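Q: Counted from 1, the sequence shown has number 84 at position 87 by our numbering; the numbering is strictly sequential. Ideal Cβ placement from N, Cα and C applies to all residues, glycine included. From a predicted model like this one, the values you see are computed outputs, not experimental measurements.
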Amino acid sequence: MDTHRRLLLVVTQSDLGGAQRYVLTVARAAAASGWQVTVAAGPDPSTRLGAGGLAAACADAGIAFRTVASLRREIRPGSDLAAIRELRRLIRELRPDIVHANSSKAGFLTPLALVGLRPRPRHVFTAHGWVFLEPGRSGLLYRCLERLADRGRDATVVLSPQERDAARRAGIGARGLHVVPLGVVPASHDRAAARAALSAAGIPADAVVLGCVANAYPAKNLPALIAAFTRLHDAAAHLVLVGGGTERLPGGARIHLLGPRADARALMDGFDVFVLPSVKEGLPMTLLEAMDAGLPCLATSVGGVPSVIADGMNGWLTAPDRLEDGLRRVFAARETWPRAGKAASDTVRTLFTEERMTRDTLALYRSLTESG
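1. Pull up the DSSP beta-bridge partners for residue 125, would you.
2. Does residue 366 come out as helix, strand or coil in the three-state DSSP assignment?
3. Helix, strand or coil: how does DSSP classify residue 167 here?
4. Between the C-alpha atoms of residue 2 and residue 360, what's the straight-line distance to the nearest angstrom?
5. Check each candidate in 268, 241, 262 and name the one with the smallest Cα separation from residue 255.
6. Short of 8 Å in beta carbon distance, which residues of its chain neighbour residue 144, apart from the five on each side in sequence? Order them along the chain.
7. Please list the terminal residues of the continuous beta strand (DSSP E) segment that includes residue 345.
8. State buried or exposed for residue 52, treating a residue as buried only when at least 16 other CB atoms are found within 10 Å of its CB.
9. Using CA coordinates, which residue listed in 277, 16, 76, 11 is at the minimum distance from residue 179?
10. Return yes when the Cβ of residue 243 is within less than 9 Å of the Cβ of residue 275, no when it is not.
11. List the residues that DSSP assigns as beta-bridge partners of residue 186.
12. If we ignore side chains and look at the alpha-carbon of each, how far apart do residue 192 and residue 173 end up?
13. Could you give the DSSP three-state label for residue 48: helix, strand or coil?
14. Identify the residues that DSSP records as bridge partners of residue 294: which are they?
15. Between the C-alpha atoms of residue 312 and residue 288, what's the straight-line distance to the nearest angstrom?
16. In chain order, which continuous runs of the beta strand (DSSP E) of length 3 or greater are located wholly inside the region 92 to 154?
17. Quick one, which of 271, 260, 186, 176 has its alpha-carbon nearest residue 222's?
18. In whole angstroms, give me the CA-to-CA distance for residue 45 and residue 213.
19. For residue 195 and residue 309, which I take to be in contact (beta-carbon distance under 8 Å), what is that distance rounded to the nearest angstrom?
20. When the Cα atoms are used, what is the spatial distance from residue 92 to residue 63?
21. Pick helix, strand or coil for residue 33, following the three-state DSSP scheme.
22. When you compare only the Cα positions, how much space is there between residue 47 and residue 40?
23. Drop a sphere of 10 angstroms on the beta-carbon of residue 339, count the other beta-carbons inside from all chains shown, and report buried for 16 or more, exposed for fewer.
24. Looking only at C-alpha atoms, which of 231, 218, 116, 228 sits nearest to residue 96?
25. One question on the structure: do residue 14 and residue 157 come within less than 9 Å of each other, judged by their Cβ atoms?
26. Quick one: residues in its chain with C-beta nearer than 6 Å to the C-beta of residue 292, no 5 flanking neighbours on either side, listed in chain order?
27. If I measure Cβ to Cβ from residue 159 and keep anything under 7 Å in the same chain, skipping five residues before and after, which residues do I get?
28. For residue 239, report the span of its alpha helix (DSSP H) as first-last.
29. Can you tell me the Cα-Cα spacing of residue 21 and residue 60, whole angstroms?
30. With DSSP collapsed to three states, give me the class of residue 3.
31. In angstroms, rounded to a whole number, what distance separates the CA positions of residue 114 and residue 10?
32. Go through its chain and collect everything with a Cβ distance to residue 187's Cβ below 8 Å, but skip five positions before and after it.
33. Does the region 223 to 233 come within contact of the region 245 to 252, defined as at least 3 CB pairs closer than 8 Å?
34. Just mark residue 347 as buried or exposed, buried being the case when its beta carbon has 16 or more other beta carbons within 10 Å.
35. Considering only the alpha carbon of each residue, which of 181, 149, 164, 19 lies closest to residue 140?
36. Out of 78, 74, 128, 153, state which residue places its alpha-carbon closest to the alpha-carbon of residue 365.
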């Protein structure tokens, strides 16, 4: 047990996306191991999550939560300076042994908040996808910013070998790169209940459901998925999008925009195929959950996705700009869906477990505190 050790987990936003659920999982495991844990995050940008947000989830788990009011996903110099000051005050108040930042903005501001602090806690950063790999971004600028932030980190966690290699090419991780893949807890599955819930949302009972669970950030590439789907011309196929902001995307007769749902993982049991069209990822938790559910999956070959999906074996890979081709390939292989889904479930339940992820993360914490 790590009794009397203090841990501060920081993430940019408090909507329940993949990074936030990772933070919650690590927080629970650390608390169970004896750490005194606090989670800090910026405001929840969603207007419909209600009690499903990170703050409510922490409260349910008995984890202390603090809002960093100025912390935002967007670059805003005034707000960013205020967020650095807020983080610095919080660190001085809590005096953590470890500060573990998650996502790009928190990962950049947290080292600045630590400058000159004595005693200085050890600082860990988990990259949930490198922002400099996102199309449309200034790659050189973001590489420089990441290298600057890297000087203040004691350890950098990446979710896949591909993300580790990208960091090395960019000159990031000088003080240690640690590959700790995401993991999920196997869930019980109820397809009948999920199909009933989808029917209540307007999806026909006999539809072939292609589903995606993702917040509608640009990196998720959801408009491109919608465009590719509309060119399929398969009358039985319906596209279901679940996640914050999806309700504001352009829909259609066979396109169902459900917005954020607290039962998102359970709804996936009603999908026939899971699709992830992202242009940038670390290692997407929703993909692991879909694979755990035994769904055949089509995902873009970005970030750590190829470390999970072996093309044509336990799923299919495509390029972000070749989604239509990918969808047609999946439909042409429809007779293999049950086999691919079984292989996907076996992959996740063998290699991508929550127990392994939390064990390796807590071991990293201990190595840092014991060496300091």
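A: Quick answer:
1. DSSP, once it has assigned bridges, lists no residue as partnering residue 125.
2. helix
3. coil
4. 13 Å
5. Closest by alpha carbon: 241.
6. Excluding residues within five positions, the ones whose Cβ falls inside 8 Å are 167, 168, 169.
7. Counting along the chain, residue 345 falls outside any beta strand (DSSP E), though it belongs to the alpha helix (DSSP H) covering 334 to 348.
8. buried
9. Among 277, 16, 76, 11, the Cα nearest to that of residue 179 is on 16.
10. Taking 9 Å as the cut-off, the beta carbon of residue 275 is found no closer than this to the beta carbon of residue 243.
11. Paired residue(s): none; residue 186 is not in a bridge.
12. Those two C-alpha atoms are separated by around 46 Å.
13. Caution is warranted here: a pLDDT of 34 is assigned to residue 48, below 50, making its placement in the model unreliable, and no coordinate value can be reported.
14. Residue 294 pairs with 271.
15. 9 Å
16. 95 to 99, 119 to 123
17. 271
18. Residue placement at residue 45 is poorly supported in this model, since its pLDDT is 43, which falls under 50; the coordinates still yield a value, given next. C-alpha separation (whole angstroms): 14 Å.
19. Rounded, the Cβ-Cβ distance is 28 Å, inconsistent with contact.
20. Inter-residue distance for residue 92 and residue 63 is about 14 Å (C-alpha atoms, whole angstroms).
21. Shown here, residue 33 sits in a strand according to DSSP, grouped into three states.
22. Below a pLDDT of 50, predicted positions are generally treated as unreliable, and residue 47, at 37, falls in that range; no measurement from the model is reported.
23. exposed
24. 116
25. no
26. 268, 271, 338
27. Excluding positions up to five away in sequence, the list reads 300, 301, 303, 304.
28. Element bounds for residue 239: not the alpha helix (DSSP H) but the beta strand (DSSP E), 234 to 239.
29. 9 Å
30. strand
31. Answer to the nearest angstrom: the Cα atoms are 25 Å apart.
32. For residue 187, same chain residues with a beta-carbon under 8 Å away, outside a window of 5 residues either side, are 263, 266 in chain order.
33. With the cut-off at 8 Å, the region 223 to 233 and the region 245 to 252 touch.
34. Residue burial annotation: residue 347 is exposed, with fewer than 16 other C-beta atoms found within 10 angstroms of its C-beta.
35. 164
36. 153
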